[in-house]
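To start, the structure under review is shown below, and the notes come after it.
Protein chains in written order, with my numbering: chain A, 1363 to 1730; chain B, 467 to 570; chain C, 208 to 295.
Next comes the structure, spelled out in C-alpha cells:
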C-alpha cells in the first residue's frame, strides 16, 4: 500500500522551500524531500548580501534567507524528509509515483502534484591536469570556506569572471587565501562591475582574454600555466605564464540537474542562456507532463531570488490545481509573483534570461 | 587550514574528536564532513582512479560529482564532502572502486 | 601527461571520444556505450554537457539537437539491500 499525498516537492533549496511554504499556506498537504542531510540547498554558503528590492530581501545575507525560509516551513508544519534521494518518478493510474531511498530502504509516495526543484550543478571544463586534487568548482571552494570554515588551498587561480567567479574570489580573500589571478577567456568581464572593482582594489589581477593552458603537479596542483587568447579564442604562442598556485577554482557556469524531468517524460527546449536543455513549462511552471511542475535552477540557471519566486509560483499553481485557491485568488497571487520575476530579469544580465524564459513559454504554447 | 579569522562570520569551535586517515590521527570537529577535516589537515588526495591510478580529490563539494569518495570504516565509495565525521572513524585513501572485503 | 579527461569518473579522454565518434558512435547513447562516458558513479552529471558539445561540434549538429543519453530509473545510487523486503 503506497502512501498517497496531495503534493511532493523534490529539493529543499530556495525554490523547493518557497513552493512547499506556498502549498502549506494555502492549506494543501505537502511533503518536501531532499537528498542532502540539511535543507537550504546552496543558500547557506551565500554569505554576501543579496541585491534587488526589499521584497527580494535585498541587503540580507543568503544564509539568513535560508534560516527565514526554514523557520516558515517549521511554523507551517511542512513534513520534510532529508537524506532521501529520489531515484524514480512514474506516471501511474492514481497519480505520480515518487520513489526514494530513506534510511536504507526504498519507499514511495503517490502524489497528485510533484514540483521538481532539484537545482543545478557546477560545470567542469577539461584541460591537461584538470582532474588533479586542487582543481575544484568555485562553488565547492565557497562551501568549504563559508560553511565548513576550511581553506581548500592557499594560492588560488580563479577561472571565470561571472558573478560567481568574482564573488568567490572576494570570499576567498576574506577567508585568508591569496587569489593570484582571475582569468577570463572572453575579452570582457562577465559579472557586475562593482564585484570586479572590489577584487581589483584588493590586488587581484583580472586577466581577460586569458585561459588555463594546463595545470602542473604530480599528486596535486603545484603550478598553473595560463595563456593569452586572440579574438578567435586561439592561444597566442609565447604568451604563456606560470603561476605558483596550489588551487584552481572553476567558475564556468552551472547546468540544471534535470534527470527526474527526463525520466518523467517532460518535453525539453534548448536555452543556452539558462544552461542548456530546459524542461518546457507554462506560466504556472507546469511542464508538458500534467501535474509535474519545475522551479529554480532545474528550470533554468538563474539566481536564488528567481528560484524562490518560481518556487512560489509553482506552489501557488499546484495549490490552485488542488482546489486550495479559486481561480481569481490564484490569478492575483500569480500576477504578483510574475511582476517580481520580470523585475529580476532586467538589465544587461537579466535580459537574456527574460528572453529565454519567454521563449520557453512560447514553446509551451506550441511555438518552436 | 581552518578559517579562524573572518571579517564577519562567527568564531569557529575547536576540533573536539580524532579520526584516522590511512592510520594517521587527525583532529576533526563533530558534525563537519570528513572532507573538511582532511582539508584542515592539508590532505587533498582522496583516491586513485581505477583505470589509470591517478590522484583525485574534492571537486564539487556538494555530494554530486563523486570525485571525493574514500573508503570509510570499511565501506567504499563514501562521499567525504557530505559525510559527517565520527569519533575514531577510519578513513582510507581508496584504490579504484574500493573493495567490500571486511566491510561492516 | 597531457591527457584531457572529459568523463572524470570513467577516465575517458577527449581523444578517445573523438576516435569513437570517428568510428561511428554518433549519438549520445552510442557514445556512452562505446566509451563508458556517463556510466560512472556520477552518471554523467559532470561530463554530459562536455560530451554533448564535443559530439555536436564533431558531427556538425547544433547543440540544440544533441539530447543527453537516455535516463533510466534509478537516477540516484540505491544500495541493493534497500530493495530487499523484510519477510513478515
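Ideal Cβ placement from N, Cα and C applies to all residues, glycine included.
Identity of the residue in A:1674, A:1730, A:1615, A:1703 nearest residue 1500 (chain A) by Cα: A:1615
Chain-order list of residues whose beta-carbon lies under 6 Å from that of residue 1646 (chain A) (same chain, five-residue window excluded): 1679
Against chain A: residues of the region 478-505 of chain B by CB proximity under 7 Å: 478, 498, 499, 502, 505
Residues of its chain near residue 499 (chain B), where Cβ-Cβ distance is below 8 Å and the 5 sequence neighbours each way are ignored: 546, 547, 548, 549, 550, 551
Secondary structure of residue 493 (chain B), DSSP reduced to three states: strand
8 Å Cβ shell around residue 1602 (chain A) - same chain, five flanking residues per side excluded: 1575, 1587, 1588, 1589
Length of the line joining the Cα atoms of residue 467 (chain B) and residue 1529 (chain A): 21 Å
Residues that residue 1543 (chain A) bridges to, as DSSP identifies them: A:1519
Sequence-distant residues of the same chain with beta carbon closer than 6 Å to residue 1718 (chain A), five excluded per side: 1633, 1635, 1636
Three CB pairs or more closer than 8 Å across the region 1651-1665 of chain A and the region 1614-1628 of chain A: yes
Beta-carbon proximity of residue 222 (chain C) to residue 210 (chain C), cut-off 9 Å: yes
Assigned secondary structure, residue 232 (chain C) (DSSP; H/G/I helix, E/B strand, else coil): coil
Three or more C-beta pairs below 8 Å linking the region 508-517 of chain B and the region 557-567 of chain B: yes
Contact with chain B by residue 1399 (chain A), beta-carbon distance below 9 Å: yes
Other residues of its chain near residue 1422 (chain A): CB distance less than 7 Å, five sequence neighbours each side excluded: 1411, 1412
C-alpha gap between residue 240 (chain C) and residue 1706 (chain A), whole angstroms: 42 Å
Any beta strand (DSSP E) of 3 or more consecutive residues that is wholly inside the region 1423-1496 of chain A: 1441-1443, 1448-1454, 1457-1464, 1467-1478, 1482-1484
Nearest candidate by alpha-carbon position, reference residue 1583 (chain A), set B:482, B:474, B:487, B:520: B:520
DSSP bridge partner residues for residue 525 (chain B) (one or two, in chain order): In the DSSP output, where bridge partners are listed per residue, residue 525 (chain B) has none listed.
Residue environment, residue 1608 (chain A), which counts as buried when at least 16 other CB atoms sit within 10 Å: buried
Sequence-distant residues of the same chain with beta carbon closer than 7 Å to residue 1504 (chain A), five excluded per side: 1407, 1530, 1533
Through-space distance from residue 525 (chain B) to residue 1516 (chain A), alpha-carbon basis: 16 Å
Endpoints, the beta strand (DSSP E) within which residue 1638 (chain A) is located: 1638-1641
Residue 1555 (chain A) to residue 1708 (chain A) span [Cα, whole Å]: 16 Å
Residues of the region 508-534 of chain B whose Cβ lies closer than 9 Å to any Cβ of chain E, in chain order: Included in the structure are the protein chains A, B and C, with no chain E among them.
Below-9 Å beta-carbon distance, residue 554 (chain B) vs any chain C residue: no
Three-state class that DSSP yields for residue 1380 (chain A) in the structure shown: helix
Three CB pairs or more closer than 8 Å across the region 471-480 of chain B and the region 1533-1546 of chain A: yes
Per-residue DSSP class, three states only, for residue 226 (chain C): helix
Any 3 or more C-beta pairs closer than 8 Å across the region 1441-1459 of chain A and the region 1388-1397 of chain A: yes
Neighbourhood of residue 1512 (chain A) by C-beta distance below 7 Å, restricted to the same chain and skipping five residues each side: 1506
According to DSSP, residues forming a beta bridge with residue 1611 (chain A): A:1498, A:1520
Inter-residue spacing [alpha-carbon to alpha-carbon] between residue 570 (chain B) and residue 1387 (chain A): Low per-residue confidence applies at residue 570 (chain B): pLDDT is 47, beneath 50, and the placement is therefore not dependable, though the value from the model is reported in the following sentence. Answer to the nearest angstrom: the Cα atoms are 45 Å apart.
Reference residue 1382 (chain A), options A:1481, A:1409, A:1477, closest by Cα: A:1477
Against chain C: residues of the region 1468-1498 of chain A by CB proximity under 8 Å: 1468, 1483, 1485, 1486, 1487, 1488, 1489, 1490, 1491, 1492, 1493
Any chain A beta carbon closer than 9 Å to residue 467 (chain B): yes
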